[in-house]
Amino acid sequence: MAAGSVNPFNLSDSEDEAEQRPENGVDAERSLSDGAPGLPSNNPFSPQADAEPPALLLFITRTSPSVEGISAAAADAAMASGLAETRVSVDMIAAQLIRDQYILTALEFHTELLESGRELPRLRDYFSNPGNFERQSGTPPACKDQGLGPGGPLNRAGSISTLDSLDFARYSDDGNRESDERVAEGDTQERNKNYKSDPEIQEPIRPLEKRALNFLVNEYLLKNECKLSAITFSDENDDQDFELWDDVGLNIPKPPDLLQIYRNCGSALPSPRDTVDISVGVESGELTGNYIVQKPDLLQQQQTEMVEEFEYQISLLNEEKQSLADQVKKLQSEIQSLRRTVSPPPPDQGSHLNSLSSSSSPPPPRPPLDNGQYLDIRRASEPDKPHTESNPPTQTVSSPTHTSTQPHAKLKCRGTVVFDQPNRKLSPAFQQALLSFCKMSADSRLGAEVSRIADNEESVMLMLGRCLPHIVPNVLLAKREELIPLILCTACLHPEPKERDQLLHILFNLIKRPDDEQRRMILTGCVAFARHVGPTRVEAELLPQCWEQINHKYSERRLLVAEACGALAPYLPKEIRISLVLSMLQQMLAEDKADMVREAVVKSLAIIMGYIDDPDKYSQGFELMLLSLGDPSERVVSAIHQVFIPAFAAWTTELGILQTTLFPSLLARIEKLLKQGEHGLDEHKLHMFLSALQSLIPPLFSVVIQNAPFTHRVNLQGDIPPIEVTRFPRPASPLQDVATVVGSREMLGGLLILYDYQLEHEGTTGWDSMLWVVNQLLPQLIEIVGRITVTSTTCVHEFSRFFWRLCRTFGKIFTNTKVKPQFQEILRLSEENVDALTGNAVLIKATVPVYATGVLTCYNQDEDRKLLVGFLEDVMTTLSLSHAPLDSLKASFIELGANPVYHELLLTVLWYGVVHTSALVRCTAACMFELLVKGVNETLVAQRVVPALITLSSDPEISVRISTIPAFGTIMETVTHKELLERVKMQLASFLEDPQYQDQHSLHMEIIRTFGRVGPNTEPRFRDEFVLPHLHKLALGNNAQATERKRIDIATQLFEAYSALSCCFISEELMVNHFLPGLRCLRTDMERLSPEHEVILSSMIKEGETKVENRGIGQAEGSVSIAASLVGEDAKTKFLSKMGQLTTSGAMLANVFQRKK
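Per this note's numbering, the sequence shown starts with residue 3, numbered consecutively.
Structure follows, in structure tokens:
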């Protein structure tokens, strides 16, 4: 008979009845073929009316003493009811309802019994077991082919548990009796073998069984590093949670893993408890209608047979009891010997042993949390139960004689350990009392942990889970990272979800403010954890820890969260990666105030972009890019260019929208910005968009060469020449390296050879990606450049850098054949139309400096330099002859002059202007020298600049000579070479003292303006001996000027010059001889021409005189500032009020508040 087809519900709820049950069975059992006296066929407990009904009942009772059969009291009650009355018991009614599957009626019956205080055990146990409701159909499973004998089938419990693994204690009112029932080993194995090995008698797999097997298979795959298979298996069974066994079924014990099931195939599996799978139900012939009236003779026969059967069981149990008593005595002797070598026995040892030998009380119904897998040195003297396969222990206390029975144990006590025993005759009590003075273990949590030594891996994990929360707070902060491996290993392998959550919480809160190295350690551990446990547990266990600390008050903790989101992104489910994690990072990017946190957020977002595959997220990624580009922190902007934009561009490349969507979106924003900025361009936003375009150049070039007609002809087997070091601009990060984007430097080298050949010989026909660059991108960019005013130096610089990187990335052939012709077509510079040109609007825009500094400087060979020189000469000539503003030429000189490599080239261009036949061109050349002098070294100034300026200073045209004065002033301001300064001073003196220049109003205006600009910064000796005396002369001469217009112009320029020089230290002699007389002369002019200036001049004169007097009595201070050291609050107020009323230009007046550099 197959024991697996019975149902564990006919259980008694009486304590007295339980005590009358047989305790532990033995192997000597009679099989079904031994025969048993039958009971009358009209017995109400008979499976069929026309068969021998007691056969099945008595068979269950005889062959499985540990199964709770019908108790003697229940049998007596049943027979008494048949003899004395015809009333049907409620238990019979319940049995009939369950047998006929009237589940709702049975449930209502059960409820009414509960309300009346008459709870029926059969119904209570039936409805408390969810396995009864896992059947595939409403009818009992077929049983005629299962060899159950004449008694018919009993319904098998809806559980995956076998006779060896079912936790039978759950179905009993008194769980402490579970060890009192044992299954006979031989019969159990034989029945399991017959039932499990014959495919003809196996039932179809049930939903509960399927879920249990799925869980075991997934667990086996994970333990054996078959992670991909486990993930696939989990995806195919997405309706099941493989992390929690409770998802299989409530109150269903977890069976051993597949390995243990395989190793113990055909034999009783060791389990934490002595459990059996039984079923109690009503057979098909039970309660057939004739159960009310029973014949007395049949009942008498039934009673006789049952008494005989119970007597037989009693004899078997007595034999087993004697056998167990012998084993207990044997174990007691072994424990006594171990007690002397391991630890002193506790004071109550004798009474405890006696209680173990005499008491039949079972062990606790549930195993401890650690499954008992410990070597407990405090309890080493306690006896163990007989350890047999038919009687697996409920709690294993490892000893030298039983360590081999633990299938999972890796750390075992050596059974051969023997300690030397002294030849003494001390009593055990005296020995125990003596050893008690060895204070081995305190009665505390730590003492309990120390006294127990873990016996296998799971026990180690449980011990670490208990101890680590107490260890961590007592470790120095600087050394807590040493605990990270322990915490992670325990969190990975610990079986309890709550303990794992606590450990991960400890990990993220391990260090109050983790530094870079500590964060790296934690992140490395998190990644290792993620690789080990899989995406489901990462989502369920790690992500909540990140979410909790997203608003932590310490930036280092928020930084850890931001970095963890990126590090864990590859190991998360993609739905979580593109929803929850992306939202977390977006929130931190928008709200976090710490620069380093936002920087980490940008890098983590870049990693998300590398794993995202939902095209609908493109717009969100684009907005994140714009948000990051506008961040005020330079480190965040740097991260967006180095990491995020390359990752985002790689994704758009895969989507095929880099050229069709991403580039046009940025260009449209630039054009919109230009339209809105007609009265004031937002240079910051323009720089933001241009820098993004610049970072997109390497991905764009990669798209062009990877979608070219020659891509299929790349041969990596041959000898591919190495790529020149200067072929590409230096990338800001490895992600912007074209070789990284393409795949390898070998692949890039092969593509570049075919790329250059294609451009030079075959053209761009059929090359769609290149045609887009040439026909759409370049014209739109050049048109945008033509709309930018040249005074926006930042925009000019950014566009120059963009075109320079574009040309260097796409190569020289592309630049010469595709870029330069389009610029030349726009500029239209040629020899034949220069003289006739009356002005070209493009020449005064940013096109000239962008073309000169962004395109013509990409390559530095002779032909390239000649082309640049020729272009600048043509521009200078064209602008001069057309009387156009020189701003575009000046912008070009400023950009090029910042690089010393181009100083010689620019001097060559200016010499061309010095010797030009047109005075307009020579004037332009003289003006350009002023810009160039500031960045050129003194050697070039002495050898190239000063000779050219002296040549121009003797030019026949007075306008040309006047144009050299600002350049001479700049030399006096920046050069320190004395001989050179003397030459410049002599030239300026000739302008001031030569009689031919006495009536040159423009020359005097330019000299005074230059003195006011360079005076505060020039050499003190030059200022004292040359500037101040000549300003005094000019102020004195202006008093005699007859022309009022010229007089007011000179006076205004003098006022600004004196205002600028007033911040300088002026000696008492100069103050008395030149500075104050000059101010008095100027005040004379201003009294009639500009009264508001006259008030300020009077204040300045008064303060100057006060300073002179103070110096005379020794109260002078180091540096005098006439305008800033007014005495008295009234004088200050008057001075400032008059300064605010000035209507003249404040350009020079601002120098009043400058100090000498």
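For glycine and all other residues, C-beta sits at the position ideal for the given N, C-alpha and C.
Source: prediction; values computed, not measured.
Short check: CB of residue 565 to CB of residue 607, under 8 Å? Along the sequence shown, one-based indexing puts residue 565 at 563. Along the sequence shown, one-based indexing puts residue 607 at 605. With contacts defined as CB atoms closer than 8 Å, residue 565 and residue 607 fail to qualify as a contacting pair.
Are there 16 or more other CB atoms within 10 angstroms of the CB of residue 533, so buried, or fewer, so exposed? Walking along the sequence shown from the start, residue 533 turns up at place 531. Exposed: under 16 other Cβ atoms inside 10 Å.
Say yes only if the C-beta of residue 787 is nearer than 7 Å to one or more non-hydrogen atoms of the ligand PLP, and no if none qualify. Absent from the structure shown: the ligand PLP. Ligands present: none.
Go to residue 685, then tell me how far its alpha helix (DSSP H) extends in each direction, as first and last residue. On the sequence shown, residue 685 is found 683 positions in, with the first residue counted as 1. Its alpha helix (DSSP H) spans residues 685-697.
Please classify residue 114 as buried or exposed, where buried requires at least 16 other C-beta atoms within 10 Å of its C-beta. Taking the first residue of the sequence shown as position 1, residue 114 is located at position 112. Burial state of residue 114 is exposed, judged by a 10 Å Cβ sphere holding fewer than 16 other Cβ atoms.
At what residue ranges does the segment 767-830 contain a whole run of the beta strand (DSSP E), taking only runs of 3 or more? As far as the segment 767-830 is concerned, it has no whole beta strand (DSSP E) run of at least 3 residues.
Report the rounded CA-to-CA distance for residue 1000 versus residue 814, giving the unit in angstroms. Counting from one through the sequence shown, the residue named residue 1000 turns up at place 998. Counting from one through the sequence shown, the residue named residue 814 turns up at place 812. Straight-line spacing of the CA atoms in residue 1000 and residue 814 works out to 57 Å.
Sequence ranges, alpha helix (DSSP H) only - wholly within the segment 549-596, length at least 4: Given a length threshold of 4 residues, each whole run of the alpha helix (DSSP H) inside the segment 549-596 is given here in chain order: 557-570, 584-593.
When DSSP labels each residue in this structure, what does residue 514 get in the three-state scheme? Residue numbering aside, residue 514 sits at position 512 when the sequence shown is read from its first letter. DSSP, reduced to helix, strand and coil, places residue 514 outside both helices and strands of the structure shown, so it counts as coil.
Close beta carbons around residue 107, own chain, < 6 Å, minus the five adjacent residues each side: Working through the sequence shown from its first residue, we reach residue 107 at position 105. Contacts found: 99.
Using the Cβ count rule (16 or more neighbours within 10 Å means buried), how would you classify residue 302? Taking the first residue of the sequence shown as 1, we reach residue 302 at position 300. Burial state of residue 302 is exposed, judged by a 10 Å Cβ sphere holding fewer than 16 other Cβ atoms.
Please classify residue 436 as buried or exposed, where buried requires at least 16 other C-beta atoms within 10 Å of its C-beta. Start at 1 with the first residue of the sequence shown, and residue 436 comes out as number 434. Answer is exposed; the Cβ neighbour count stays below 16.
If contacts are defined as beta-carbon pairs under 8 Å, then residue 803 and residue 860 qualify, I think. What distance do you get, rounded to the angstrom? Residue 803 sits at position 801 when you count from the first residue of the sequence shown. Residue 860 sits at position 858 when you count from the first residue of the sequence shown. So it is not a contact: roughly 11 Å between Cβ atoms.
So residue 946 and residue 907 are in contact, right, with Cβ under 8 Å, and what is the actual spacing, rounded? Along the sequence shown, read from residue 1 onward, the residue named residue 946 stands at position 944. Along the sequence shown, read from residue 1 onward, the residue named residue 907 stands at position 905. Between residue 907 and residue 946 the Cβ distance is about 12 Å, and since that is not below 8 Å, they are no contact.
Three or more C-beta pairs below 8 Å linking the segment 962-970 and the segment 922-936: Yes: the two stretches touch, three or more of their Cβ pairs being nearer than 8 Å.
Going straight from the alpha carbon of residue 595 to that of residue 697, what length do you get? Within the sequence shown, the letter at position 593 stands for residue 595. Within the sequence shown, the letter at position 695 stands for residue 697. CA-CA distance, residue 595 to residue 697, rounds to 26 Å.
Under the three-state reduction of DSSP, which class applies to residue 847: helix, strand or coil? The residue labelled residue 847 in the question sits at position 845 within the sequence shown. In this structure, residue 847 counts as strand in the three-state DSSP scheme.
Taking residue 635 as the reference, which of 1047, 748, 600, 516 has the closest Cα? As a first step, residue 635 must be located in the sequence shown, where it is residue number 633. When only C-alpha atoms are compared, the closest one is 600.
Secondary structure of residue 920, DSSP reduced to three states: In the sequence shown, counting from the first residue as 1, residue 920 sits at position 918. Here DSSP, grouped into helix, strand and coil, assigns residue 920 to coil.
Pairwise C-alpha distance: residue 642 and residue 470: Taking the sequence shown and counting its residues from 1, the one referred to as residue 470 is at position 468. Taking the sequence shown and counting its residues from 1, the one referred to as residue 642 is at position 640. Distance between the alpha carbons of residue 470 and residue 642: 40 Å.
Using beta-carbon positions only, say whether residue 222 and residue 259 come within less than 8 Å of one another. In the sequence shown, the residue the question calls residue 222 occupies position 220. In the sequence shown, the residue the question calls residue 259 occupies position 257. Judged by beta-carbon spacing, residue 259 lies within the 8 Å limit of residue 222, meaning their Cβ atoms are closer than that value.
Rounded to whole angstroms, what's the CA-CA distance from residue 797 to residue 487? Just pull it up for me. Mapped onto the sequence shown, residue 797 falls at position 795. Mapped onto the sequence shown, residue 487 falls at position 485. If you take the alpha carbons of residue 797 and residue 487, they lie about 53 Å apart.
Only counting runs of 4 or more residues, tell me where the alpha helix (DSSP H) segments fall wholly within the segment 969-1015, in order along the chain. Qualifying alpha helix (DSSP H) stretches, in chain order: 980-995.
Just to confirm my understanding: we take residue 705, look at its own chain, exclude 5 residues before and 5 after, and list those with CB closer than 8 Å. What are they? The residue you call residue 705 lines up with position 703 of the sequence shown. 655, 660, 661, 771, listed in sequence order.
Round the Cβ separation of residue 506 and residue 493 to the nearest angstrom and send it over; I've been treating them as touching at under 8 Å. Reading the sequence shown from its first residue, position 504 is the one you call residue 506. Reading the sequence shown from its first residue, position 491 is the one you call residue 493. Yes, they are in contact, since the Cβ atoms of residue 506 and residue 493 sit about 5 Å apart, within 8 Å.
Distance, Cα to Cα, residue 741 vs residue 762? Residue numbering aside, residue 741 sits at position 739 when the sequence shown is read from its first letter. Residue numbering aside, residue 762 sits at position 760 when the sequence shown is read from its first letter. Cα atoms of residue 741 and residue 762: separation of roughly 22 Å, rounded to the nearest angstrom.
Which residues in the same chain have their Cβ closer than 8 Å to the Cβ of residue 942, if we skip the five residues on either side of it in sequence? For the purposes of this step, residue 942 is identified with residue 940 of the sequence shown, where counting begins at 1. Residues 905, 906, 909 of the same chain have their beta carbon placed closer than 8 Å to that of residue 942, with the five preceding and five following residues left out of the count.
Taking only three categories from DSSP, how would you classify residue 86? In the sequence shown, counting from the first residue as 1, residue 86 sits at position 84. Model confidence at residue 86 stands at a pLDDT of 43, short of 50, so the residue's coordinates are unreliable; what they give is reported in the following sentence. When DSSP states are grouped into helix, strand and coil, residue 86 belongs to the helix group.
Inter-residue spacing [alpha-carbon to alpha-carbon] between residue 903 and residue 829: Position 901 of the sequence shown, counted from the start, is the residue given in the question as residue 903. Position 827 of the sequence shown, counted from the start, is the residue given in the question as residue 829. Their Cα atoms are separated by approximately 26 Å.
Check whether the Cβ atoms of residue 874 and residue 890 lie closer than 8 Å to each other. On the sequence shown, position 872 is the one that residue 874 refers to. On the sequence shown, position 888 is the one that residue 890 refers to. The Cβ atoms of residue 874 and residue 890 lie no closer than 8 Å to each other.
Pull up the CB-CB distance for residue 844 and residue 788, whole angstroms please, since I reckon it's below 8 Å. As a first step, residue 844 is located in the sequence shown; it is residue number 842 there, counting from the start. As a first step, residue 788 is located in the sequence shown; it is residue number 786 there, counting from the start. Taking 8 Å as the upper bound for CB-CB distance, residue 844 and residue 788 are in contact here, some 6 Å apart.
With a cut-off of 8 Å on the beta carbons, I'd call residue 574 and residue 583 a contact; round off their distance for me. The residue given as residue 574 occupies position 572 in the sequence shown. The residue given as residue 583 occupies position 581 in the sequence shown. Contact check for residue 574 and residue 583: beta-carbon distance about 6 Å, within the 8 Å limit, so the pair qualifies.
Cβ-based neighbour list, residue 779, same chain, cut-off 7 Å, excluding 5 preceding and 5 following: In the sequence shown, counting from the first residue as 1, residue 779 sits at position 777. The answer, listed in chain order, is 665.
Is residue 752 near residue 716, with beta carbons less than 8 Å apart? Here residue 752 is taken as the residue at index 750 of the sequence shown, counted from 1. Here residue 716 is taken as the residue at index 714 of the sequence shown, counted from 1. Yes; because the gap between Cβ atoms is below 8 Å, this pair is in contact.
Using alpha carbons as the reference points, say which of 628, 571, 128 lies closest to residue 672. Residue numbering aside, residue 672 sits at position 670 when the sequence shown is read from its first letter. Residue 628 is the option with its Cα nearest to residue 672.
Boundaries (first-last residue) of the alpha helix (DSSP H) holding residue 727: Taking the sequence shown and counting its residues from 1, the one referred to as residue 727 is at position 725. Residue 727 -> no alpha helix (DSSP H), and no H or E assigned at all.
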